[in-house]
Amino acid sequence: MIGIFDSGVGGITVVKELKKLIPDLSFVYLGDNARAPYGNHSQELIRQYAQEDVDFLLSKGAKVIVVACNTVSALAGDFLKEKFKVPIFEVITPAIDSAISVGSKRIGVIGTRGTIASLAHQSAIEKKSPQTKVFSRACPLFVPLVEENWLSRKETKTIAKAYLQNLKIKNIDSLILGCTHYPMLKKIIQEKIGRRVRLIDPAEATAKALFDFLNNNPEFFKKQSQQDYYCTDVGGRFKELAEAWLKEKIDLKKAEL
Ligand code: DGL
Numbered sequence: 000m001i002g003i004f005d006s007g008v009g010g011i012t013v014v015k016e017l018k019k020l021i022p023d024l025s026f027v028y029l030g031d032n033a034r035a036p037y038g039n040h041s042q043e044l045i046r047q048y049a050q051e052d053v054d055f056l057l058s059k060g061a062k063v064i065v066v067a068c069n070t071v072s073a074l075a076g077d078f079l080k081e082k083f084k085v086p087i088f089e090v091i092t093p094a095i096d097s098a099i100s101v102g103s104k105r106i107g108v109i110g111t112r113g114t115i116a117s118l119a120h121q122s123a124i125e126k127k128s129p130q131t132k133v134f135s136r137a138c139p140l141f142v143p144l145v146e147e148n149w150l151s152r153k154e155t156k157t158i159a160k161a162y163l164q165n166l167k168i169k170n171i172d173s174l175i176l177g178c179t180h181y182p183m184l185k186k187i188i189q190e191k192i193g194r195r196v197r198l199i200d201p202a203e204a205t206a207k208a209l210f211d212f213l214n215n216n217p218e219f220f221k222k223q224s225q226q227d228y229y230c231t232d233v234g235g236r237f238k239e240l241a242e243a244w245l246k247e248k249i250d251l252k253k254a255e256l
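So the sequence shown is residues 0 to 256, counted in numbering that gives the first Met the number 0.
#1: Along the chain, where does the beta strand (DSSP E) containing Y228 start, and where does it finish?
#2: Buried or exposed for I168, please, with buried defined as at least 16 other CB atoms from any protein chain shown within 10 angstroms of its CB.
#3: Identify the continuous beta strand (DSSP E) that holds K252 and give its terminal residues.
#4: So is Q226 buried or exposed if we call it buried at 16+ other beta carbons inside 10 Å?
#5: Assuming E239 is part of the alpha helix (DSSP H), what are its boundary residues?
#6: Can you give the Cα-Cα distance for P229 and D77, rounded to whole angstroms?
#7: Rounded to whole angstroms, what's the CA-CA distance from R112 to I249? Just pull it up for me.
#8: Determine whether the beta carbon atoms of L144 and I158 lie at a separation below 8 Å.
#9: Can you tell me whether S6 sits near the ligand DGL, meaning its C-beta is under 7 Å from at least one heavy atom of the ligand?
#10: Is V13 near A206, with beta carbons less than 8 Å apart?
#11: State buried or exposed for D200, treating a residue as buried only when at least 16 other CB atoms are found within 10 Å of its CB.
#12: Given this structure, state the Cα-to-Cα distance separating K156 from E218, to the nearest angstrom.
#13: Name the two residues that bound the continuous beta strand (DSSP E) containing F134.
#14: Mind checking whether I3 and Y28 have CB atoms under 8 Å apart?
#15: Check for me: the alpha helix (DSSP H) holding V53 runs from which residue to which?
#16: Since L29 is in the beta strand (DSSP E), which residue starts that stretch and which ends it?
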C-alpha cells in the first residue's frame with residue numbers, strides 16, 4: 000500500500016498521474032486541508048505537520064510514502080527520509096532528474112514562497128549538474144486561482160505574464176512547475192513562457208519514479224486497488240475539486256491526526 004500526502008487537494012494532480020501509469024495501485028491519500036496552505040508556513044511547522052501526516056498514513060498500512068507536496072518536499076524531504084524507515088519519495092528529486100536528463104542548462108523553477116526561499120532545487124541541481132544555471136520565482140497567487148478554477152481567465156493570464164516575465168528574459172530552456180497546483184495551469188504557463196521552454200511536471204516525473212521502483216521492488220506493490228481518500232476538513236471544497244480533477248467520484252473520509 001502506498002501512502003500519498005499533500006497539504007490539501009493539490010496532491011490529487013500526483014494521484015492522477017499515478018493512476019494513469021498504475022491504474023490498479025492501492026493507495027491511501029491524505030490532504031491536510033484544515034492546516035493548508037503550507038506554502039507560507041515556517042520550516043519547523045511544516046516538519047511537524049509532515050511528520051504527523053506520515054504517521055497517519057503509516058497507521059493506515061502504508062509501506063511507501065509519496066510526498067506529493069512540493070513545499071514539504073523542499074522544507075522537510077530530507078528530515079522525513081531520516082526520520083522514517085520506509086521508502087520516501089518526494090517530488091523535487093524526480094523533477095530535477097527529469098530536467099537534467101533532457102540536457103537542460105538553464106532551468107527555471109516556480110513554486111510557493113516556502114519552496115523558492117528554501118533553495119532546495121538550486122542546491123540539488125548544483126550537486127548533480129554544477130554547470131547548470133537555476134532561476135526561480137515564487138508564484139503564490141497561482142494556488143488560489145487554480146482552486147477557484149480560473150484556469151483560462153484573462154486575470155490568470157495577466158498574473159502569469161507578470162510572474163513569468165523575469166524568467167522569460169533569462170532564456171531558460173526548462174521550467175519546473177514546482178507546486179502541486181501548477182500543472183493545472185500548463186496551457187497558460189506555456190503560452191507566457193514561450194513554446195520552446197520545456198515544462199517539467201513533478202507529478203509526472205514522480206509517478207514515473209514510483210512506477211520504476213515498484214517494478215524493481217514488487218513486494219511493495221499490492222494489486223487490489225484499494226483507493227482511500229482522507230482529508231482533515233471534509234466540510235470544504237476538497238471533494239468537489241478532487242472529483243473534478245480526477246474525473247471520478249470519490250468517497251472522502253475525515254482524518255483525525
Ligand atoms: N501543495 C503545495 C505545494 O505543492 C501548494 C499548496 C500549499 O501551499 O499548501 O507546494
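In this text, a Cβ means the ideal position worked out from N, Cα and C, and glycines have one as well.
Reading it off the structure:
#1: Note, Y228: beta strand (DSSP E), Q226 to C230.
#2: Exposed.
#3: Segment L251 to K253, the beta strand (DSSP E) holding K252.
#4: Its Cβ being crowded by 16 or more others within 10 Å, Q226 is buried.
#5: F237 to L245 is the span of the alpha helix (DSSP H), which, as asked, contains E239.
#6: With the sequence shown as reference, residue 229 is identified as Tyr, and Pro is not the correct amino acid for it. Taking the straight line joining both Cα atoms gives about 25 Å.
#7: For the pair R112 and I249, the Cα-to-Cα distance works out to about 31 Å.
#8: Contact: yes.
#9: S6 Cβ: within cutoff of the ligand DGL.
#10: Cβ atoms of V13 and A206: closer than 8 Å.
#11: Burial call: buried.
#12: For K156 and E218, the gap between their C-alpha atoms comes out near 46 Å.
#13: In this chain, the beta strand (DSSP E) harbouring F134 covers K132 to A137.
#14: For I3 and Y28, yes; Cβs fall inside 8 Å.
#15: Counting along the chain, the alpha helix (DSSP H) containing V53 begins and ends at Q42 to S58.
#16: Counting along the chain, the beta strand (DSSP E) containing L29 begins and ends at F26 to G30.
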